[in-house]
Amino acid sequence: MNERRHNKMEARDWWGKLSYAQQATANGLTNVGYELAFVRGDDKDNLAVFKLDDNLITVDRDGDADLMPSIQIR
Numbered sequence: 003m004n005e006r007r008h009n010k011m012e013a014r015d016w017w018g019k020l021s022y023a024q025q026a027t028a029n030g031l032t033n034v035g036y037e038l039a040f041v042r043g044d045d046k047d048n049l050a051v052f053k054l055d056d057n058l059i060t061v062d063r064d065g066d067a068d069l070m071p072s073i074q075i076r
C-alpha cells in the first residue's frame, strides 16, 4: 500500500494554508478549545479540519463552518 503522507506538517504550516476567511473563523474555534488538525485539498480549494476531543468541525475556503461534517479521520 502506498502511503500518501510522506511527512508530518507542523501546526504553523497548516495555518499558512488557510485563507483569511478561514483564519477568522479559526480564531473563534481556537478560542473555545478547538485545534487545527489538518488542511485537506489544495491552495485554491481547501477544507480546514478542527478537532476538540471527538468533535470535528470543518471550515471551507469562504470561512463557513460545518458543525456536523460527514468525514472520517483515520
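Everything in the sequence shown is counted per my numbering, starting at 3 for the first residue and increasing by one.
The beta carbon of each residue, even a glycine, is placed where N, CA and C say it ideally should be.
Counting only beta-carbon separations shorter than 8 Å, does residue i have a partner in chain D?
i     : result
Gln24 : Judged by its chain identifiers, the structure shown contains no chain D, having just a single protein chain.
Between residue i and residue j, how many whole angstroms is the CB-CB distance? I'm expecting something under 8 Å.
i     : j     : result
Val61 : Gln24 : 5 Å
Leu58 : Gly35 : With 8 Å as the limit, Leu58 and Gly35 do not qualify as a contact, their Cβ atoms being about 13 Å apart.
Leu38 : Trp16 : 5 Å
Arg63 : Asp47 : 6 Å
Under the DSSP definition of a beta bridge, which residues are partnered with residue i?
i    : result
Val2 : Outside the modelled stretch of the chain, which goes from 3 to 76, sits residue 2, for which no answer is possible.
Short check: CB of residue i to CB of residue j, under 8 Å?
i     : j     : result
Gly65 : Thr32 : no
Leu20 : Val41 : yes
inquiry  = So within the segment 15 to 48, which uninterrupted alpha helix (DSSP H) runs reach at least 4 residues, ignoring any that extend past its ends?
reply    = Whole alpha helix (DSSP H) segments, 4+ residues: 22 to 33.
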